[in-house]
Structures are given as structure tokens and as C-alpha cells.
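Residue numbers (our numbering): 4 to 696.
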Ligand code: ADP
Ligand code: MG
């Protein structure tokens, strides 16, 4: 074979004909480089393979053995398929519950298999739905001491004859013929960060000498991946910073007046973040800052003070919220404070009278309205500002980068402040929001009494209802929340409507029970929320439309139905809707479907009120994609990087990336040519990465 390079097409390789090339390219593997970056999902060696006689229940283990018999069995709910595997020290079963018809054709007596999975024990050791690979008789990591890579090969690969052994041979061929590998980092960077060369790392991840060399290879390749993401962040940050913004140099008359008019004293954390924001907006480059603070930590007043600072500097400012209810509520709180200091403000939402909307648009364009609060309605093309200086977005993860960008583009590089109540773990935050500066409110107002949380079975609802009645008799209010998931929106809505009927008629006949959900018209929602605010409704049944932001200080009980269907972070947000006043508050989580994990998960809510702890758990349980509710964004799909466990690697890679971006912003240095090439090929398009549902 001639000499190979990174860009050699796979179709020029031995063992790869038309059919295999087709399967590979369907999996985005077109070049030698793509193949080399298809990492083994696991390695088998003497130390990582267990003997059947010494298996332990509950462990995740790899076993190599020979198929002795196979067979189907009928059980109550259909058919199962089982394989008996033995390795000379003992036998075990492998069990499949689904796809029996298809699975059973994959095994023959005498096949040698490498299997992997969680060890269970029912009449002997067993793995249900194991991960498995067929090995050839020459694949013998146990007697030869070899370390075998196992690749993530789907059935499509296998149907094209791309079995583990063949895949491995293809990789070996590549390393035989590979000319050279374009190194990304200078020798200094490699040395300072303890990195193998790129070529060695690629070689050792496929064919390691031992565990140590495998770990070094993994480290280097994780570093690479984090490096490019951090480079992306560095460039985004730099792009935002080069453009000139108007600095807010005046403190203006409003801040002090507002602070003096508040019925409470700001917490130290609030004071600190306000100072950070003020300092940042003094710069002639636009602020790009994320304000993070747990539910109830008091972000709204920080937003209001920032807005009044903008107005004090003759600029206009806008606050965008993800839902109309929330926009409305923000409008009410902002207005009640700005009225004191005679700053006009307006609310702009989708469902509005045309003439009202027209008036607001005019006021924004001629500058007579300095402050506007609203929903997505704000980003429509005909919304124009005279001098937009500060953009604030609440619950910013609910918006995509494009929507945010559209709002920002309505000014000439306005300062930007995003707010979120989702306490994002640090390593995730510097990857996901790595282009933003961070301000954190890490302190709740002092008067807060911790919320008591209880997970209950439906059988205990009766006593909960009578407790709710007592609270209502004391003048307090309650909320009952039903989950609303997109797929079955209709049936869930029915559940809430039905529950409302029941509660209203039979359970709380003497109370006012209201119902609110996303399908109602804005005016209807407003009326209901107004009535709830005024305590004309005692108990409000709701789908999760009130999830974010709504503030009813008199509400003391939150009952969440089907709690197991919510993410922990979401439950924490919901719980934050009560306990905002001076009374002791309660959050009751009703679990309808019990599984081991739902019990564990929900009990975390009983144990802590700390949003950071909850977010960490949530992230561990659901992974970053689910955590953010991101669908197929591609951004959080990694080859080898792991946001949860790579903290130190992320920090080193970030340092290197930011240094390079600073010294060579266009990557024109000869040393950076391959960084530039890879960045343009694989990462540049992710500059605009997030699209969130
Ligand atoms: P969030 O951060 O969840 O948006 P809010 O800004 O809605 O929280 O504040 C929650 C409640 O706490 C509001 O009723 C607000 O008036 C009140 N609040 C804010 N800051 C303080 C403070 N320093 N002391 C007492 N109450 C405060
Ligand atoms: Mg809020």
C-alpha cells in the first residue's frame, strides 16, 4: 500500500469496497482521519476480562466465552431468547427480551463472544441485553496479553462484513501506511500539558501497550476536543468584544432612589452582582454576562437596577421573557418600581390590540418609551428602537442563539445580560456559556423559611387535601401542578381539566378552584392570574405553564402530580414558586409510577433545597443534553470528551485555547495551520450552536 495521509479517501484502502465504503460514509466516515477518530468503545485485555467463576452481582464486567447452547423460552409476556456461554471456569446465561426473532439468528453454537454488561443472578449469573462482539479464534487477549479494541459497530456495519476483526485489520493497515499526522500543538504546549503527540495518541487509543498508555492517549484526545470547543468560545467572546458599545459612565439619579424605596435591603450577593454589572457596562465594549441565581434569589431587582442604569445613561432597555405570564409578571414588578421614579415602561406581547401595539412601537422608535418588557413579540421586524443600550433575557436557556441575536441586533452593540435560575455546574457552564462572563447570586434573602418537601404515594392524598383546606382557611393559597409533555399534550391537558373538575366539585367544594393551561387565550390567562394574585382563587390547578418566574407570595402549598415525570431541576423551579412570602411552605410530590430510580431521584428533593446540588444530580442522572432540553443540537455530542468528569482537562484546554485566540485571532500563524483547518472543518459552523425547545 502506498503512503496514506489524513485526507486519503477510505475507498482507497484495502478491504474497503463499494458496499463497505457506503456504510462507512453513511456514518460520516469518509477519510482516514475520520476512521482514526472512530475510537474503540472499549478495550479487552487480560486485566479487563473477568472469569465467570469470579463474577460479582451488580458489577459491570467483560467476559470472553464460547456459545454452548441457544434457545427460546415462552414467558408470560411473550418470548425470550437465551444463550449459555462458558469460559472454562463456569457458565452463564445471556438473555434478550425483545427482538427475539432477529437476535436468535446472530449466534451459533461454538461462536466465541466478548460480552459486556451488568451482572445479575437468577439461577446463575446472567446479563440481560448484553453488549456483545463475535471474536475470531485468533483474538486471544487472555493468553497473548494483547489488548483488543472493540469498536462501536452497528448491525449495518456487520452486514457489510465490517466485524470487529476486519475493522481492527483496517486500522492496523492504516498505521502501517500512515505517512504522518498533522500535529495541532507546538512541542511546548504538548510538554506543558503533558500531551502525547497526536500521532502517538491516535495509535495508542486503538492499540495501547498497557493501561497507562491508553490513559495518556485518552487524555490527549479529550484535551483536543475540549480545546476546540473552548476555542469556539474564545472566538465568540472576541467577536462580541471587538464591536464598540456605548459605555454607561453615569450612575444617574435612579439607582439610589430605587434602592431607598425598596421594602427590603439587598443581599450582599445582589449588591456584588450589581457592582459587577455596573463596572462591566462602563466599558466601551458590550457586556456579555450571565446572571445565575437560584429561584427566589432576587434576580428581578438586579435586572431593574441594571435597566435604570441604562435609562440614566439615556439609553433604552428591553427585558424578554419566555412566556406571556412571566412577561406580564415582570412588567408588573418593573412598573411598580419604575413608577416611583417616573420612568415610563411598556409591555409588548403577541396578543395585543393593534392600536396599542402601534402606540408602543412608535414610543420605542422615537425614544419616548425607554423600557419595554415582553415575549418573542419583541423580536419582530417592525420593532425598532431609537437607542437600545441594554438587552436582558430571562430564563435565557429557553431561547436559541438566533432569537437572542435578533433582539441584540435591534441596537448598536447593546450590553447584554442573560438571567437563569438553572444553577449550571461549573464545568458545564464554561463549555456551554464559555463566551460569557458570569455573575452569581449565591445567597437567598434572609427572611426565607426553607420549604418542607415530601414525596408521597397517592394513597396519602386525602390527608394532604385536608391539610390544604386548613391552609386555605388560614387565608393561604395552593397550587396543583400537572405535567405537560409535548408528545401527549392533549391527554395531559385532559388530566388537568379532569382533575380540576374533581377538586372543584368534590374535594374542595367550599373553595375557589381555578384552572390555567397553555391553550387559554392571553386575556383568559391574565384574568386567572390576576384573580389568583388577589386571592380570589384559593387553589390553582395548572399545567406547567407557571413553571418559571410567577410570584405569588401568599401561596404556601405546591402539590405536584406525577412528580416522577419531571426533571429534578424542573421540580426545583416549580417548588420555587412557593415559599416566597414569610409563611412556612410545603411542596408535596405525588409519585404515581414507582421505579427504583424515581424513588431515589425524588428523595433528593426531600433532602435539599440547594439548586446546585439538585442540578448536579440531575445532570448525572440525565446527561447534559436532557439537562438542557436540547434536541439534536450536535453541540453536546462528543467523541470522547465528558463534561461531567473532565473538569481539570477542560480548564487546561481552555487556557491554551484562549491564549491562542488572543495572540493569533485569525489563526494565521504557521504553527496554527492545522488548528485552523480542523476548526474550520468541524467547529466553525457551531458558532451558532444552540437551538433549544
Ligand atoms: P428570582 O431570582 O427567582 O427571579 P425574584 O426576583 O422574583 O426571584 O425575587 C423573589 C422574591 O424575593 C420577590 O418577591 C422579591 O421582591 C423578593 N426579594 C428580592 N430581593 C430581596 C431581598 N434582598 N430581601 C427580601 N426579599 C427580596
Ligand atoms: Mg425570576
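Glycine included, each C-beta is placed from N, C-alpha and C at the ideal position.
Is residue i close to the ligand ADP? I mean its beta-carbon at under 7 Å from any heavy atom of the ligand.
| i | result |
| --- | --- |
| residue 573 | no |
| residue 424 | yes |
| residue 262 | no |
| residue 268 | yes |
| residue 274 | no |
| residue 73 | no |
| residue 337 | no |
| residue 479 | no |
| residue 357 | no |
| residue 292 | no |
| residue 311 | no |
| residue 300 | yes |
| residue 450 | yes |
| residue 582 | no |
| residue 579 | yes |
| residue 453 | no |
| residue 556 | yes |
| residue 296 | yes |
| residue 652 | no |
| residue 328 | no |
| residue 303 | yes |
Residue i bridges to which residues according to DSSP?
| i | result |
| --- | --- |
| residue 561 | 482 and 590 |
| residue 121 | 63 |
| residue 323 | 377 and 396 |
| residue 127 | None; residue 127 has no bridge partner. |
| residue 296 | 444 |
| residue 567 | Residue 567 is not bridged to any residue. |
| residue 85 | 74 and 98 |
| residue 152 | 46 |
| residue 418 | 393 |
| residue 137 | 116 |
| residue 288 | 247 |
| residue 456 | 590 |
| residue 545 | 484 and 519 |
Taking C-alpha atoms, which residue in the options lies nearest to residue i?
| i | options | result |
| --- | --- | --- |
| residue 380 | 322, 389 and 419 | 322 |
| residue 246 | 378, 393, 416 and 280 | 416 |
| residue 675 | 485, 230 and 207 | 230 |
| residue 254 | 269, 238, 317 and 226 | 317 |
| residue 67 | 118, 109 and 369 | 118 |
| residue 225 | 404, 199 and 185 | 199 |
| residue 104 | 114, 77 and 95 | 77 |
| residue 3 | 61, 132 and 109 | Since the first residue of the chain shown is 4 and the last is 696, residue 3 is not available in this structure. |
| residue 514 | 499, 486, 475 and 524 | 475 |
| residue 240 | 668, 673, 672 and 22 | 668 |
| residue 300 | 614, 410, 483 and 337 | 614 |
| residue 677 | 395, 671, 187 and 469 | 187 |
| residue 190 | 201, 138 and 139 | 201 |
| residue 33 | 56, 9 and 52 | 9 |
| residue 52 | 421, 152 and 23 | 152 |
| residue 120 | 64, 173 and 69 | 64 |
| residue 276 | 260, 303 and 49 | 303 |
| residue 310 | 525, 288, 297 and 344 | 344 |
| residue 660 | 235, 501, 306 and 502 | 235 |
| residue 101 | 367, 217, 81 and 72 | 81 |
| residue 294 | 143, 273 and 129 | 273 |
| residue 700 | 646, 576, 328 and 619 | Because the chain spans 4 through 696 in this model, residue 700 falls outside it and cannot be assessed. |
| residue 437 | 519, 523, 535 and 237 | 237 |
Am I right that residue i and residue j are in contact with their C-beta atoms under 8 Å? What's the rounded C-beta distance?
| i | j | result |
| --- | --- | --- |
| residue 703 | residue 581 | Given a span of 4 to 696 for the chain in the structure shown, any question on residue 703 remains unanswerable. |
| residue 554 | residue 332 | 6 Å |
| residue 497 | residue 521 | Not quite, the Cβ-Cβ distance comes to about 14 Å (not below 8 Å), so this is no contact. |
| residue 350 | residue 376 | 5 Å |
| residue 249 | residue 408 | No, residue 249 and residue 408 are not in contact; Cβ-Cβ is about 19 Å, not under 8 Å. |
| residue 258 | residue 442 | Between residue 442 and residue 258 the Cβ distance is about 17 Å, and since that is not below 8 Å, they are no contact. |
| residue 542 | residue 516 | 5 Å |
| residue 398 | residue 424 | 7 Å |
| residue 439 | residue 291 | 5 Å |
| residue 457 | residue 592 | 7 Å |
| residue 454 | residue 578 | 6 Å |
Is residue i close to chain D? Criterion is C-beta to C-beta, closer than 8 Å.
| i | result |
| --- | --- |
| residue 538 | In the structure shown, chain D cannot be found, because there is only a single protein chain. |
Could I get the ranges of all uninterrupted beta strand (DSSP E) runs contained in the segment 216-267, with 3 residues as the minimum, in chain order?
DSSP runs (the beta strand (DSSP E)) wholly in the segment 216-267: none.
With a floor of 4 residues, list each alpha helix (DSSP H) that falls wholly inside the segment 180-211, ordered by position along the chain.
Runs of the alpha helix (DSSP H) spanning 4 or more residues and lying entirely within the segment 180-211 occur at 190-195 and 201-209, in chain order.
Give, in chain order, every unbroken run of the beta strand (DSSP E) that is at least 3 residues long and sits entirely within the segment 502-537.
Whole beta strand (DSSP E) segments, 3+ residues: 516-519.
Any chance you could list the alpha helix (DSSP H) runs of at least 4 consecutive residues sitting entirely within the segment 594-623, in chain order?
Within the segment 594-623, the complete alpha helix (DSSP H) runs of at least 4 residues fall at 599-610.
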